[in-house]
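Top to bottom, those sequences are chains A, B and C.
Taking the working numbering, the leading residue of the first sequence gets 49, the next gets one more, and so forth.
Taking the working numbering, the leading residue of the second sequence gets 4, the next gets one more, and so forth.
Taking the working numbering, the leading residue of the third sequence gets 24, the next gets one more, and so forth.
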Amino acid sequence: MPLIRSPNRVMEDRGKPIAATGADALQEDMQSDDAAVRRAAVVRAGRCGATVLLASRLQVENDRGVRETILTNLVRNGGLAAARPLLNLLRSDDADLRNAVIETLQGMSDAITPLIEDLLTDPDADVRIFAVNILQSLKSPTVPDLAVKVISTDPHVNVCAAAVDVLAEVGRPEMAGALRDVAARFPDQPFLAFAVRTALKRIG
Amino acid sequence: MLRGLVIDDSSTARMYYRDILERANLAVDEAINGIEGLEKAMNQSVDLILVDVNMPKMDGYKFLGQLRRSPGLQGVPAIMISTEAREVDRRQAYAAGANCYLVKPVDPAELEVFARLVTGSAPRLRAVA
Amino acid sequence: MSLPLPSAAAPLISDDDFMKFREFFYRKTGIMFADNKRYFVDKRILERMAISCVDSFDEYFGRVRFQSSGAELQALVNSMTVNETYFFREEYQLKCLALSIIPEIAASCCPGEAIKIWSIPCSTGEEPYSIALFLLEYWKDVDDFDIEIIASDIDTAVIQKARLGVYDERALQHVPAETIRKYMTRTSDGRHQIVGAIRDSIKFSQVNILDANVAGGYAGFHVVFCRNLLIYFDDVSRREAAEAIFASLAPGGFVCLGHSESMSRISSLFNIRKFPEAIIYQKPTIA
Chain A
49 MPLIRSPNRV
59 MEDRGKPIAA
69 TGADALQEDM
79 QSDDAAVRRA
89 AVVRAGRCGA
99 TVLLASRLQV
109 ENDRGVRETI
119 LTNLVRNGGL
129 AAARPLLNLL
139 RSDDADLRNA
149 VIETLQGMSD
159 AITPLIEDLL
169 TDPDADVRIF
179 AVNILQSLKS
189 PTVPDLAVKV
199 ISTDPHVNVC
209 AAAVDVLAEV
219 GRPEMAGALR
229 DVAARFPDQP
239 FLAFAVRTAL
249 KRIG
Chain B
4 MLRGLVIDDS
14 STARMYYRDI
24 LERANLAVDE
34 AINGIEGLEK
44 AMNQSVDLIL
54 VDVNMPKMDG
64 YKFLGQLRRS
74 PGLQGVPAIM
84 ISTEAREVDR
94 RQAYAAGANC
104 YLVKPVDPAE
114 LEVFARLVTG
124 SAPRLRAVA
Chain C
24 MSLPLPSAAA
34 PLISDDDFMK
44 FREFFYRKTG
54 IMFADNKRYF
64 VDKRILERMA
74 ISCVDSFDEY
84 FGRVRFQSSG
94 AELQALVNSM
104 TVNETYFFRE
114 EYQLKCLALS
124 IIPEIAASCC
134 PGEAIKIWSI
144 PCSTGEEPYS
154 IALFLLEYWK
164 DVDDFDIEII
174 ASDIDTAVIQ
184 KARLGVYDER
194 ALQHVPAETI
204 RKYMTRTSDG
214 RHQIVGAIRD
224 SIKFSQVNIL
234 DANVAGGYAG
244 FHVVFCRNLL
254 IYFDDVSRRE
264 AAEAIFASLA
274 PGGFVCLGHS
284 ESMSRISSLF
294 NIRKFPEAII
304 YQKPTIA
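Right, dumping it as structure tokens:
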């Protein structure tokens, strides 16, 4: 019969257990040539809350699987210490890395809201769009008001359109005025007008 | 009926592009990122793809790269839509496999013209405003 | 169109409410409710609202959207998805396994190397036994290879049932009578039991896929079936589970998710492979 019972195998050692690991061993494993060893080290670092180590490894890590594990462990840790080192990567030319960082920040708790609020006034319009994209997933109750602030003050139509998108989901009836105002501020912008019409219908 | 596929993580953008493509007589399907876009393109024949650049899990460039390596999908017309207006970004989009590159905010008339070009339907004549 | 409800004070869900909800749910899960599912969706939202003691849709949606634990969203997912187990569920994937995936794996196997398949969660055993039966019946080269099937679940009670391998007609309704005759015996209470040789060949174990240490000991799989589990996880747990699956696969190994699940909402680690029967995710081979 072709089906055979799987033999009892010794569980493969995927790196040293946490208790026996010193910081040196962790660092060493994180630079191993073997991606699987690096990945296991990342998981251990995540469990120790070594977010600075993780973020610095992210800048140089080329393996897909390890990179994704670093980001997952940063999300798991959450908080300002995990988020701060990622902010600069939003300016990266590597679209893949940038989007992975946005997604990571989207997954973090609202402890990071103050950092995102800062980004909303960044001189670079693209960074401001990314910040609004992060708002789309943040659970902080201040998200709707932050989005209103963007549509009331941002000079760039694409940033405002992204914020209108957020309000379509989380906007409240009293925000209708601000929505109409942004459409008036950018006349001759069919997508923005469409987005505002949609948001007005959704906010009730 | 010809089918369009709109790939963008913004639901408002997807609705907007859907309206325009439907005016160009396409049936429209949607995806929120490149992975879902590839799945939909593989599952059902598609005649025109609109793809945003910045999306979670798989961005527009990666999507195009995978699309052009997928059996049966190499030749599907794909319009990349981006916030970047620099020449280098346009060239990067073409190098990745885009047939056309539009910068946000997208002019609906221009998008409809391209859609009709790709699908072979006659341009819609209107009085100039 | 909103549905009127018996009570005069009962809440209604407007068309715009439905669209707002639908888009949010689609973004989070990949499941898009067609317009004709309106009654299905409304009914379940109203049920959850009643349980949550909330009588306005706006307030309920706000709770779902902003709740940091995500528990209410998970409760919604549970209520919107039907999760029942039976033999040959999502048969197109089993066909893909026997006709496309396993032949491809076999072609690159070393002599004497067993083909390893992991079913997690295995629940009461319908899935691992379905895999076994399908390969025995439909993979033409099945006699030329050794196949190891490991079946795991977090719940020891269901594993016990799986080991016994006894099933009623409802679980077997999609199995051809000939297949039942071939691989199952009748029990005294009119049910069917998987023959001993097959039961004994499958290794059952208790595993929590999120426990990286344990899951890390499971490695080198050619195929992992992880169907209708991840959809019930929160976002970060889903990523961790996907990474654990990735680590458990041999390079080039395949993972099958449930029919309403997609890696597009979970992880970018895997390549997408289109087979005639199904779209399956694949761990990249070593470059």
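Beta carbons: idealized from backbone N, C-alpha and C, even for Gly.
- Relative to the Cα of A/P50, the nearest Cα in the group C/R262, C/A265, C/I225 belongs to C/I225.
- In this structure, B/G63 is the residue among B/G63, B/R26, B/F117, B/Q47 with its C-alpha nearest to the C-alpha of B/D12.
- In the three-state reduction of the DSSP assignment, C/Q216 falls in the strand class, which pools E and B.
- Assignment of beta-bridge partners to C/T208 by DSSP yields C/Q216.
- Of all alpha-carbon atoms in B/I10, B/E90, B/P59, the one lying nearest the alpha-carbon of B/L51 is that of B/I10.
- Each of B/L53, B/E25, B/G75 was checked against the Cα of B/G37, and the nearest Cα belongs to B/L53.
- Short of 6 Å from the beta carbon of A/F178, and not among the five residues preceding or following it, lie these beta carbons of its own chain, in chain order: L138, I150.
- Contact between C/S123 and C/F248 does not hold, since the beta-carbon distance rounds to 15 Å and is not under 8 Å.
- Annotation: the region 190 to 235 of chain A contains the following complete segments of the alpha helix (DSSP H) (minimum length 4 residues), in chain order: 191 to 201, 205 to 218, 224 to 233.
- Here the alpha carbons of A/C96 and A/N121 stand approximately 10 Å from one another.
- The beta carbon of C/I268 is closer than 7 Å to those of V247, C249, V278 in its chain, skipping five residues each way along the sequence.
- Identification of chain A residues near B/N57 by a Cβ-Cβ cut-off of 9 Å yields A143, R146, N147, I150, D174, I177, F178, N181, ordered along the chain.
- Contact with chain A is found for B/Y19, since one of that chain's Cβ atoms lies less than 8 Å from the residue's Cβ.
- Within 10 angstroms of the beta-carbon of C/E46 lie 16 or more other beta-carbons, which makes it buried.
- Excluding its 5 nearest sequence neighbours in each direction, A/R228 has C-beta neighbours in its own chain below 8 Å: V244, L248, listed in chain order.
- Under DSSP, C/C279 shares a beta bridge with C/F248.
- The shortest C-alpha to C-alpha distance from A/A130 to any of A/S140, A/D174, A/V205, A/S157 is the one to A/S157.
- With its beta carbon less than 8 Å from one in chain B, C/E46 belongs to the interface.
- Nearest to C/E266 by C-alpha distance, out of C/G281, C/Y241, C/S283, is C/Y241.
- Apart from sequence neighbours up to five positions away, the residues of its chain that approach A/T99 with a beta-carbon distance below 7 Å are L122, N125, A129, A130, ordered along the chain.
- One thing to note: C/S175 has its Cβ within 8 Å of the Cβ of C/C145.
- Remark: three or more beta-carbon pairs, one from each stretch, lie closer than 8 Å, so the region 165 to 182 of chain C and the region 211 to 228 of chain C are flagged as touching.
- For C/I182, the closest Cβ of chain B is not nearer than 8 Å.
- Look at B/R6 here: in three-state DSSP terms it is strand.
- The criterion of a C-beta distance shorter than 8 Å is not satisfied by C/L117 and C/S79.
- The continuous beta strand (DSSP E) containing C/K226 extends over residues 225 to 229.
- Assignment of beta-bridge partners to C/Q305 by DSSP yields C/F277, C/N294.
- Using a Cβ-Cβ cut-off of 9 Å, C/R50 is close to D12, S14, I35 of chain B, given in chain order.
- Against chain C, the CB of A/E109 has no partner CB under 8 Å away; the residue lies outside that interface.
- Listed along chain A, no residue sits closer than 9 Å to C/S287 by beta-carbon distance, the nearest being about 12 Å off.
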